[in-house]
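Note that this note's numbering numbers the sequence shown so that position 3 is 136, with each residue one more than the last. Ideal Cβ positions, reconstructed from N, Cα and C, are used throughout, including at glycine. Owing to the predicted nature of the structure, the values given are computational and were not obtained by experimental measurement.
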Amino acid sequence: MNKQDLIKIASDFVENSKDNYVSNEIAISESVAGMKIFEAPILGFAASDDEYFTLFKEPTVIGEHFLRPKEWLPQSKSVISFFLPFSEVVKKGNRCEKVWPSEEWLHGRIEGQAFINKLCIYLKSELINAGYKTLVPTQDERFWSNAALNNNSQHPKATFTSTWSERHAAFVGGLGTFGLSKGLITSKGMSGRIGSIITELYLSPRKREYENIYDYCSRCGACVKKCPANAITIDKGKNHIICSDFLDKTYEKYKPRYGCGKCQTGVPCESSIPRHCNVK
Ligand code: SF4
Ligand code: SF4
134 MNKQDLIKIA SDFVENSKDN YVSNEIAISE SVAGMKIFEA PILGFAASDD
184 EYFTLFKEPT VIGEHFLRPK EWLPQSKSVI SFFLPFSEVV KKGNRCEKVW
234 PSEEWLHGRI EGQAFINKLC IYLKSELINA GYKTLVPTQD ERFWSNAALN
284 NNSQHPKATF TSTWSERHAA FVGGLGTFGL SKGLITSKGM SGRIGSIITE
334 LYLSPRKREY ENIYDYCSRC GACVKKCPAN AITIDKGKNH IICSDFLDKT
384 YEKYKPRYGC GKCQTGVPCE SSIPRHCNVK
């Protein structure tokens, strides 16, 4: 199995799985029944021993609780990350709604994440069937995350952090850099979701076309203006507490779903790397 095989396996799954479409049974309204959630993925590849993963243990980055790929799976050689861009319907819906998440976005956030989890399991099973030990960090018992809507954590002192970070892994794997709003800006933009798996199959790392963590962000400030909670500033980026409080409000209004994503739609980095970023 090689990188092209994996790209094809992931792309076919996204194109053909019924879980990438909102079924009539769960659709919030008739207008979103049958909606496609994601378009074709882009994949990143990092070496398990890339020095960035050690750097992430620094308290100023993620912290000692972050587990390196070889701590998750000692014999691992590669980390595969994927970014799934939201379909135009999902993005357009959220562009039109100015404050609250659109129905399309709510499905993208919740059923979209469920689909990401299934894609991880599918890729893992394909690699295991090919003879390579493989692990999904976010589905391992050592994974914990203290983020929005997680008030019952066993790690109350560590806030807005986790033992694995999809965005950081994708950065190492060449998929893109962070933006002011703290999302990852990829060649297909920021509006989508990220997943990753760790495997003992060797796959050559994808070249990082950037040097610094914010290279793809033009600092245009559009996400600052779009945020309904005023959680983002040009000087300090995103305030996680303010953002999380707003997400709680969306949960009260739309439970069992929640979401926002106004900083990811209707902005220059929505669907591509913005012009005037640091990388020429
Ligand atoms: S909207 Fe502008 S400032 Fe905000 S993350 Fe995107 S490129 Fe950066
Ligand atoms: S998700 Fe919503 S509340 Fe949070 S930073 Fe983005 S726009 Fe603001």
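Item, Value
"Can you give me the C-alpha to C-alpha distance between residue 307 and residue 333, rounded to a whole angstrom?", "19 Å"
"Report the option in 310, 169, 146 and 187 whose CA atom is closest to the CA atom of residue 157.", "169"
"Closest to residue 221 by CA distance: which of 385, 397, 408 and 407 is it?", "397"
"Taking a cut-off of 6 Å, which residues have a beta-carbon closer than that to any heavy atom of ligand 1, in chain order?", "312, 313, 314, 350, 351, 352, 353, 354, 355, 356, 400, 401, 402 and 407"
"Do you know offhand how far residue 386's Cα is from residue 379's?", "11 Å"
"Tell me, please, whether the segment 251-262 touches the segment 338-349 by the rule of three or more beta-carbon pairs shorter than 8 Å.", "no"
"Taking only the alpha-carbon atoms, compute the straight-line gap between residue 370 and residue 135 and give it to the nearest angstrom.", "38 Å"
"Identify, in the order they occur along the chain, each residue of the same chain with its Cβ nearer than 7 Å to the Cβ of residue 282, setting aside the five sequence neighbours on each side.", "Residue placement at residue 282 is poorly supported in this model, since its pLDDT is 46, which falls under 50; the coordinates are not used for a value here."
"Looking only at DSSP bridge pairs, what is residue 295 linked to?", "278"
"For residue 255, which residues in the same chain have their Cβ closer than 6 Å to its Cβ, ignoring the five residues on either side in sequence?", "146"
"Is residue 379 close to ligand 2? I mean its beta-carbon at under 8 Å from any heavy atom of the ligand.", "yes"
"Measure the beta-carbon distance from residue 322 to residue 404 and round it to whole angstroms, keeping in mind my assumption that it falls under 8 Å.", "4 Å"
"Counting beta carbon pairs with one atom in the segment 171-185 and one in the segment 298-305, are three or more of them shorter than 8 Å?", "yes"
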